[in-house]
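Undergrad: Residue numbers (the numbering used here): 38 to 170.
Backbone N, C-alpha and C define an ideal beta-carbon position, used for all residues, glycine too.
Computed from a prediction, not measured in an experiment: that's the story for all the values here.
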Amino acid sequence: MTRAIEAGDRLPEWTLPITPTMVVSTALATRDFQDVHHDRDRAQAAGSQDIFVNILTSTALCERYVTEWAGTDVQILGIGIRLGAPAYPYDTLTFTGEVAEVSDEGGRGVATIKVTGAVSSGSHVIGTVRVAA
Numbered sequence: 038m039t040r041a042i043e044a045g046d047r048l049p050e051w052t053l054p055i056t057p058t059m060v061v062s063t064a065l066a067t068r069d070f071q072d073v074h075h076d077r078d079r080a081q082a083a084g085s086q087d088i089f090v091n092i093l094t095s096t097a098l099c100e101r102y103v104t105e106w107a108g109t110d111v112q113i114l115g116i117g118i119r120l121g122a123p124a125y126p127y128d129t130l131t132f133t134g135e136v137a138e139v140s141d142e143g144g145r146g147v148a149t150i151k152v153t154g155a156v157s158s159g160s161h162v163i164g165t166v167r168v169a170a
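#1: Checking 7 Å against the spacing of the C-beta atoms, do A124 and F89 come in under that value?
#2: Counting only the same chain and skipping the five closest in sequence on each side, list residues whose C-beta sits under 7 Å from that of A155.
#3: Name the DSSP bridge partner or partners of L130?
#4: Relative to the alpha-carbon of T165, which residue among A97, Y127 and N91 has its alpha-carbon at the smallest distance?
#5: For the alpha helix (DSSP H) that contains A169, what are its first and last residues?
#6: So A137 and V168 are in contact, right, with Cβ under 8 Å, and what is the actual spacing, rounded?
#7: With a floor of 3 residues, list each beta strand (DSSP E) that falls wholly inside the region 80 to 145, ordered by position along the chain.
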């Protein structure tokens, strides 16, 4: 890691406006062709308010959030998340995080970072990202 990381360190908040283009383009980029991620009428017919961010994008955004803070030279060891409130266009996704644990595994520092991505209706994604130097 490019910095000394200690348990209890807080990551700076990161906000990301959710646009229809972001939702559609990231779903297509992850080869998720489910219509609820690009067709508002189909999403609403399925009971959703609108199209919404897919899980692959949510996972990637958690990774980006942590690597922007820890440095792109860290190795991602694992990401464990669960989804909550849908992330709809015209809302904002706000990420916060905290280092939960730092350990020595095989002679290298490993940090477990708790991450939350919230939208106006609640937590969209909650989980942990494990990184090593």
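TA: Result, derived from the coordinates:
#1: F89 is positioned such that its CB atom lies closer than 7 Å to that of A124.
#2: So the qualifying residues of the chain are T131 and H161.
#3: According to DSSP, residue pairing for L130 in a beta bridge involves L53.
#4: The closest CA to that of T165, considering only A97, Y127 and N91, is found on A97.
#5: First-last for A169: G159 to A169, but that is the beta strand (DSSP E), not the alpha helix (DSSP H).
#6: 12 Å between Cβ atoms; not a contact.
#7: Listed in chain order, they are 112 to 120 and 129 to 142.
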